[in-house]
Amino acid sequence: MKILHINTERTWRGGEQQTLYLLEALIERRIKCHLVCQPGSPMEERAVAAGVEVFPIAMRGEVDLPASLRIRKLVTRHGYGIVHSHTSHAHTLAYLATLGCRTCRLVTRRVDFTIFRNRFLRLNGIKYRYMADYYIAISQKIKTVMVTDGIAANRIFVVHSGIDLSRFSPAAGEYLIPEFDLRPEEPVVINVAHMAGHKGQQFLVRAIPHVLKEIPGARFFIIGEGELMAELQALSDSLGIKQALTFTGFRKDVGAFYKIADLFVMSSLQEGLGTAMLDALALGKPVVATNAGGIPEVIKDGETGRLVEAANPQALAKGIIAMLGHKDQAQAMAQRGQAVVKEQFSIEAMVENNLAVYRQLLAPGTRCSPA
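So in this note's numbering, the last one in the sequence shown is 389, and the numbering has no gaps at all.
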């Protein structure tokens, strides 16, 4: 089994972490795999540090013919059975690089919006129907969207993302108490996400005044950065909740915030699955989340957390108030959620499920089996 992975991102987000988790585990299992990524990217730096054999290739967009030719040379030289693309641009580059080659094209899709979003003349339909052999969707919701968009269901496997269950276990958060002047009677509510429209933090900000009417001492932290930070800060100021809501910006000590949190809130409008939510559950933290994307595959309302309508500040506030006001019930849900995450959403489960896909694709007599 020889696999070439391609990731075109220049920044580091959840998809890149999942790619690295998979590569590390494949190497541990002595499976030959290589990575093509952007030169000087966090992906290159961290993959090299992890012992992955990396081929840094500058990829300028998804129709970069010189980059495709360089990738093609790698495919010809190493004879990969599978080229596994982890980004949308990698999807196209892999197709161009493997035209005429007996190599299986596999693409992981991590977002739950339609493939036709913002695409001229719906040309993305050609890309997704004809420029890959198979797909991995990280949630059943993503698969459903793809099938609705015209991709055959038998070409799509569902493999949930996995998290490092012990990633934040050693973290200590006590030092944050004096840093933010937190008091014992003040419940701490956190949101960890990039500040973009689909993450829905504007609805969380609008929910906060409703929560404060019932729980005046509640403290909220939005941890991360993004293009909407200034807009969200202005909204907070206009609502008069500046004292209750802190925008921390980028923090390396995210685990410390999880440790002091009484509640994690995921306010997304679209969400492939939500690994930040999985991190919270792995630590046994109660969760309020929206019914967007793949989130309901983890959060069952009243069982593993509280599920509320997306884009609805009042519903979000009601869920937060209920969880903070009934701590025993909230903690019981968190414990059930923790058990689900340990069983179904670990790195080990993600890797084994990816391997099962690889083996199925390369099995004798299948479309992608070696000649």
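A virtual CB, placed ideally from N, CA and C, is assigned to each residue, including glycine.
Please read all numbers here as calculations on a predicted model, not as lab measurements.
Check                                                                                                                                   : Outcome
Contacts around T384, its chain only, beta-carbon distance under 8 angstroms, and the 5 residues preceding and following it disregarded : Q378
Three or more C-beta pairs below 8 angstroms linking the segment 298-313 and the segment 323-341                                        : yes
Uninterrupted alpha helix (DSSP H) stretches inside the segment 152-205 (no shorter than 4 residues)                                    : 158-166 and 194-197
Inter-residue Cα distance where the pair is M61 and A357                                                                                : 31 angstroms
Alpha-carbon to alpha-carbon, A65 and L41                                                                                               : 8 angstroms
Beta-carbon proximity of E204 to G235, cut-off 8 angstroms                                                                              : yes
Counterpart residues of I24 in DSSP-defined beta bridges                                                                                : V54 and S103
Stretch-stretch touch, CB-based, cutoff 8 angstroms, three pairs: the segment 341-360 with the segment 95-105                           : no
Local conformation of I233 per DSSP, three classes                                                                                      : coil
Terminal residues of the beta strand (DSSP E) in which E62 lies                                                                         : Where E62 is concerned, there is no enclosing beta strand (DSSP E), although the alpha helix (DSSP H) it sits in stretches over P60 to A67.
Residue environment, E63, which counts as buried when at least 16 other CB atoms sit within 10 Å                                        : exposed
Stretch pair the segment 250-257 + the segment 315-329: three plus CB contacts closer than 8 angstroms                                  : no
Nearest-angstrom Cα separation, counted from I338 out to P34                                                                            : Inspection of the sequence shows that residue 34 is occupied by Glu rather than by Pro. Using only the alpha carbons, I get a separation of about 31 angstroms.
Span separating the alpha-carbon of D151 from that of A190                                                                              : 46 angstroms
As assigned by DSSP and simplified to three states, the class of D297                                                                   : helix
Option in A374, A76 and H52 with minimal Cα separation from S59                                                                         : A76
Span of the beta strand (DSSP E) around G118                                                                                            : Segment: none, G118 is in no beta strand (DSSP E) and carries neither H nor E.
Proximity below 8 angstroms, CB of K159 to CB of H109                                                                                   : no
Nearest-angstrom Cα separation, counted from E321 out to A340                                                                           : 14 angstroms
C-beta contact flag for S179 and T293 at 8 angstroms                                                                                    : yes
First through last residue of the beta strand (DSSP E) which encompasses V305                                                           : V305 to T308
Residue burial classification, P202 (beta-carbon count within 10 angstroms, cutoff 16)                                                  : exposed
Contact under 8 angstroms by Cβ, S286 with K345                                                                                         : no
Classification of K231 by the beta-carbon crowding that lies within 10 angstroms, buried from 16 upward                                 : exposed
N- and C-terminal bounds of the beta strand (DSSP E) containing T322                                                                    : Neither: T322 is in no beta strand (DSSP E) and is coded neither H nor E.
Closest by C-alpha distance to V81, when choosing among H104, C55, A115 and K91                                                         : A115
In chain order, each beta strand (DSSP E) run of at least 3 residues that lies wholly inside the segment 311-360                        : 324-326
Beta-carbon spacing of Q56, P84 below 8 angstroms                                                                                       : no
Beta-bridge partners of G242, as assigned by DSSP                                                                                       : G267
Beta-carbon spacing of T26, H107 below 8 angstroms                                                                                      : yes
Backbone CA spacing between T94 and I241 [nearest angstrom]                                                                             : 45 angstroms
CB contact flag (L194, D280, <8 angstroms)                                                                                              : no
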